[in-house]
Amino acid sequence: MRVRFAPSPTGYLHVGGARTALFNWLYARHTGGTFLLRIEDTDAVRNTPEAVRVIFDGLQWLGLDWDEGPLPGGGARGDRGPYFQSERRAIYDRALRFLLDHDQAYESDGAIRFRMPRKKIIVDDLICGEVCFDCTLEQDFVIQRKDGSPVFHLVNVVDDLEMKISHVIRGEDHLSNTPKHLAIAAALGADAPRYAHIPLILNRSGSKMSKRDIGASLSEYQDGGYLPQAVRNYLCLLGWSLRENREIFSIEEATARFELDQIHRSNARFDADKLLWMNGAYLRSLDVDEILPHAQRWLESAGFPVEKWESAYIKEVVLLIKEKVKTGKELAEWAQPFFREEISFQPDAVKRFLTAAGIQALRELLADLSEASDFTAAALEERFQKLARTHGTSVRTYVHPARVATTGREVGPSLYGTLTILGKDRVLRRIRRAIESFAS
RNA sequence: GACCCCAUUGUGUAGUGGUUAGCACACCACCCUUUCAAGGUGGUAGCACGGGUUCGAAUCCCGUUGGGGUCGCCA
1 MRVRFAPSPT GYLHVGGART ALFNWLYARH TGGTFLLRIE DTDAVRNTPE AVRVIFDGLQ
61 WLGLDWDEGP LPGGGARGDR GPYFQSERRA IYDRALRFLL DHDQAYESDG AIRFRMPRKK
121 IIVDDLICGE VCFDCTLEQD FVIQRKDGSP VFHLVNVVDD LEMKISHVIR GEDHLSNTPK
181 HLAIAAALGA DAPRYAHIPL ILNRSGSKMS KRDIGASLSE YQDGGYLPQA VRNYLCLLGW
241 SLRENREIFS IEEATARFEL DQIHRSNARF DADKLLWMNG AYLRSLDVDE ILPHAQRWLE
301 SAGFPVEKWE SAYIKEVVLL IKEKVKTGKE LAEWAQPFFR EEISFQPDAV KRFLTAAGIQ
361 ALRELLADLS EASDFTAAAL EERFQKLART HGTSVRTYVH PARVATTGRE VGPSLYGTLT
421 ILGKDRVLRR IRRAIESFAS
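Written out as structure tokens, the structure reads:
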């Protein structure tokens, strides 16, 4: 089996494209076949090195490695290259010459048109089944522009043939183009690959997700603190499932179970809420060591110089917070009090908890914690409860002002864990400072 | 408009002739609780419609309606 992902470098990687790449990759890995990457950069205007970089980054981030194709560092792997269409002109010229010589194409106003056969063409699709197109009234179409550049329909088919692609797994928006592609392959005297058209990903309002839609670009997830495992898992679910009331699964499991004929025929709407939930689920369940490299990136982009801190310290913070948040972005926000001495106080939090009563509670707490020799979470919890009992009040009396004093916020991870990680010195200093700043 | 694809709660799906139509997200309620999450329990909500076929249709056939896609010298 030889499958390919053939994106056009547009400057961003569409989630639909990412899902197409994923399905191709899954099929290749499932069958022990070859997954190749081909860059369809025939549109010179849009073709920039940065735009190609985005494709490499996105695929690598998702963990979709390709066996053949251009390499991010330059050069290529595989013996069916070049893998940039812009470098394959001679091959297309040869195909054009062949079609012209065999009267399957002709010149028209300077362009070259393909002689579309006027007959019924059946697409035997691996997912959609046999689809019949009546092409008796079909028009001939351009395969080489007046400026001499070849057109998508031609190059796409020629490359699939030249690269010995056995299965073309692509979006269903291409189903209607397939008769053309079948006809070109036949005119070239070749056997066309098998086709498998996967359902489209729709936006919230139900039309094909486009560049303009929120959440359409993979980079939004790369930059938004999502875990690639979660995004990949979610993408699997758009048109495919394990069929056993379970939606969170490993990539190995997906690879083992993936079958083309189990893919849906109906389009799927992209549900950002569910992806968010899934990302949180991954954050909670993944081992902190797996999250660490991502967390370092999240913290870095939030403006915290991670190299300043021991990775053991970062791990403690991540371990504390990851249970409570859904994205890395959120995690970085919550982590602020651990990486910045100058904490910023949220006005609402101050107003609500650093009242006269709150300050009084902080004074009592300060006196108590000053005596503490054991600053573990369990010991602190005991201390807070004892303090509350002594003063005949609820532990909340101390917890809330303490959280605001040490983190500046009224919402955050477990307070006792927070205090433990901050350590006695920082905790006492922050409580003192809060008392000084907000006692009126 | 022509052609093509599709149709199970709001969303993603399980279901392939006989089920109290299952699961997940979202939503609501309660429980747990130091906040927020998470977790637990329960709940609201679905086979688009009309004809067939059949002893029996979410499941098979036809039509209607609805949604989507394609009709470029873009890819």
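Under my numbering, read the first sequence as residues 1 to 440, first letter to last.
For glycine and all other residues, C-beta sits at the position ideal for the given N, C-alpha and C.
Just so it is clear, the structure is predicted and the values come from calculations on it, not from any experiment.
Tell me which residues share the same chain as K120 and place their Cβ nearer than 8 Å to its Cβ, disregarding the 5 neighbours each side in the sequence. In chain order, C132, F133, D134, C135 and T136 place their CB closer than 8 Å to the CB of K120, counting only its own chain and leaving out the 5 sequence neighbours on each side.
Is DSSP giving L202 helix, strand or coil here? Correct three-state label for L202: strand.
To the nearest angstrom, how far is it from the Cα of I248 to the Cα of N233? For the pair I248 and N233, the Cα-to-Cα distance works out to about 7 Å.
To the nearest angstrom, how far is it from the Cα of G73 to the Cα of K211? Rounded to the nearest angstrom, the gap between the Cα atoms of G73 and K211 is 27 Å.
Tell me the start and end of each unbroken alpha helix (DSSP H) in the segment 120-168 that is at least 4 residues and wholly inside, in chain order. With a minimum length of 4 residues, the continuous alpha helix (DSSP H) runs that stay inside the segment 120-168 are 152-162.
Quick one: which unbroken beta strand (DSSP E) runs of 3-plus residues sit fully inside the segment 1-87? Chain order, please. Runs found: 2-5 and 34-37.
For I112, the three-state DSSP class (helix, strand or coil): Three-state result, I112: strand.
Contact belief for F353 with L419 at Cβ below 8 Å, rounded distance in angstroms: Between F353 and L419 the beta-carbon gap is near 16 Å, outside 8 Å, which marks them as no contact.
Using CA coordinates, which residue listed in R115, M163, A281 and V325 is at the minimum distance from I39? Considering only alpha carbons, the answer is M163.
Relative to the C-alpha of W240, which residue among H102, L260 and I165 is closest? With respect to the C-alpha of W240, the residue from H102, L260 and I165 having the closest C-alpha is L260.
According to the neighbour-count rule (16 or more other Cβ atoms, all chains shown, within 10 Å of its Cβ), is D109 buried or exposed? Label assigned to D109: exposed.
Are D147 and F84 closer than 8 Å when you measure CB to CB? The answer is no: Cβ separation not under 8 Å.
DSSP bridge partner residues for G441 (one or two, in chain order): For residue 441 there is no data in the structure shown, the boundaries of the chain being 1 and 440.
Going straight from the alpha carbon of V441 to that of L387, what length do you get? The displayed coordinates of the chain run from 1 to 440. Any statement about residue 441 would go beyond what the structure contains.
Kindly indicate the opening and closing residues of the alpha helix (DSSP H) around H282. According to the sequence provided, residue 282 is Tyr. The question's His does not apply to it. Note, Y282: alpha helix (DSSP H), A272 to S285.
Short of 6 Å in beta carbon distance, which residues of its chain neighbour W277, apart from the five on each side in sequence? Order them along the chain. Taken in chain order, the list of residues that qualify is empty.
Just to confirm my understanding: we take S149, look at its own chain, exclude 5 residues before and 5 after, and list those with CB closer than 7 Å. What are they? Taking C-beta separations shorter than 7 Å and ignoring five residues to either side along the sequence, the partners of S149 in its chain run T42, following chain order.
Take E330 as the anchor and find which of H294, D271, A349 and L380 has the nearest alpha-carbon. Among H294, D271, A349 and L380, the Cα nearest to that of E330 is on H294.
Classification of T390 by the beta-carbon crowding that lies within 10 angstroms, buried from 16 upward: With fewer than 16 Cβ atoms within 10 Å of its Cβ, T390 is classed as exposed.
Kindly indicate the opening and closing residues of the alpha helix (DSSP H) around R426. Start and end: L415 to F438.
Kindly list the residues whose CB is nearer than 8 Å to the CB of G11, restricted to its own chain and excluding five residues on each side of it in sequence; keep chain order. Apart from sequence neighbours up to five positions away, the residues of its chain that approach G11 with a beta-carbon distance below 8 Å are R46, T48, E50, A51 and V54, ordered along the chain.
When the Cα of T327 is compared with those of W309, A349, E316 and I291, which residue comes out closest? Of W309, A349, E316 and I291, the smallest CA-CA separation from T327 is found for I291.
Considering only C-alpha positions, which residue in the set D67, L242, W61 and R433 is nearest to R2? Taking R2 as reference, the option from D67, L242, W61 and R433 with the minimal CA-CA separation is D67.
According to the neighbour-count rule (16 or more other Cβ atoms, all chains shown, within 10 Å of its Cβ), is Q104 buried or exposed? Counting the other CB atoms within 10 Å of its CB gives Q104 a total of 16 or more, which places it among the buried residues.
Starting from L453, trace the alpha helix (DSSP H) in both directions and tell me its first and last residue. Look at the range of the chain in this structure, 1 to 440, and you will see that residue 453 is not part of it.
By how many angstroms is the C-alpha of L13 removed from the C-alpha of S219? Looking at the backbone, the Cα of S219 and that of L13 are separated by about 7 Å.
Would you kindly report the start and end of the unbroken alpha helix (DSSP H) that includes R316? Per the sequence shown, the amino acid found at residue 316 is Glu instead of Arg. S311 to I321 is the span of the alpha helix (DSSP H), which, as asked, contains E316.
Option in R297, I127 and E323 with minimal Cα separation from D287: Distance check between D287 and each of R297, I127 and E323 places E323 closest, using alpha-carbon atoms only.
Identified DSSP bridge partners for Y441: In this structure the chain extends from 1 to 440, so residue 441 is not present and cannot be described.
With distances taken Cα to Cα, identify the nearest neighbour of R435 among R243, E371, V318 and P401. Just to set this straight, residue 435 is Ile in the shown sequence, not Arg. Nearest of R243, E371, V318 and P401 to I435, Cα basis: P401.
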